[in-house]
Amino acid sequence: MSDPPIPAPQYTLTEALSVCLAMCHRAIAEVRALSRMPGPAGELGPEGKRGLQGERGERGEKGERGEPGKQGTAGDAGKDGERGQKGEPGRNAADLTLLQEYIEQRVERMVEAASVTTPDGGRTMHWSLGSKVHQVKTALVLDAGIWKDGAYSPGDGVTAGGSFWIAQTETTAKPGKSDDWRLAVKRGTDGRDYRADEKRAPEVVRFK
836 MSDPPIPAPQ YTLTEALSVC LAMCHRAIAE VRALSRMPGP AGELGPEGKR
886 GLQGERGERG EKGERGEPGK QGTAGDAGKD GERGQKGEPG RNAADLTLLQ
936 EYIEQRVERM VEAASVTTPD GGRTMHWSLG SKVHQVKTAL VLDAGIWKDG
986 AYSPGDGVTA GGSFWIAQTE TTAKPGKSDD WRLAVKRGTD GRDYRADEKR
1036 APEVVRFK
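Residue numbers (the numbering used here): 836 to 1043.
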């Protein structure tokens, strides 16, 4: 039996080599794609050691409030407790009037025995009631005379530059130079027709 005749070539040698290389590249690409595909799952191996605990994840969003559950069945009725001890007899209501009179008398005596003193002309009040002494600071307007360099308390009234000023806070400032003082009475001005060294002749008064 003779060999079949070889057909005449349809491609040149370069074209045939190009076709062979292209088929080789395609085959290699197919093999690579198949190698990346996972194979069938293998048998489960023995349990390994426990790994380290991972970091705590972020807190999730708060879920919606669920619907209220059904009301449970009523419990058994409780037993009556033991009876308490009998209390002491109460005070007669007639003693209440005597007690009120006694309290009023004590308060009246304490008020009569109370005394009020002041070491600084009314700025500080010492109220003695029984064995206790209460101190009260006042802001009454008190005449402190003509202003001089020194410390003044709220309510002190001084004369400065012909005007009367009242201290509004603890201050050493001069009246008229600071907001620590309030002008109460402003100095008056001289009249326009005033003549200190000139004697005016009396005017004649005529009666009709």
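Note that CB positions come from ideal geometry on N, CA and C, so glycine has one too.
C-alpha distance - residue i paired with residue j, whole-angstrom precision
i	j	result
E947	E917	54 Å
E878	L869	22 Å
P839	G880	58 Å
K972	T953	10 Å
S988	F1042	59 Å
M872	T849	35 Å
Y937	E943	10 Å
D978	V1020	13 Å
A864	E893	43 Å
G889	E882	19 Å
Q920	G913	21 Å
R900	Q906	17 Å
A862	V854	12 Å
A986	E939	45 Å
T1004	T959	15 Å
H961	E923	46 Å
R891	M858	53 Å
K884	A876	21 Å
Q935	R941	10 Å
G898	L887	30 Å
D915	Q970	58 Å
A1008	V968	33 Å
A851	Q845	9 Å
G980	V1039	45 Å
T847	V866	29 Å
E902	T908	19 Å
L856	G895	57 Å
Anticipated Cβ contact below 8 Å, residue i with residue j, distance rounded
i	j	result
L975	G957	6 Å
M945	L933	The pair is not a contact, with the Cβ atoms about 19 Å apart (cut-off 8 Å).
Best match in the options for proximity to residue i [C-alpha to C-alpha]
i	options	result
S966	L977, R1022, S950	S950
K983	H961, T1006, L856	T1006
G1023	G898, F999, I981	F999
CB of residue i within 8 Å of CB of residue j, strictly
i	j	result
I1001	G990	yes
Task: Given 8 Å, three or more beta-carbon pairs between the region 1010-1018 and the region 980-995 - done: yes
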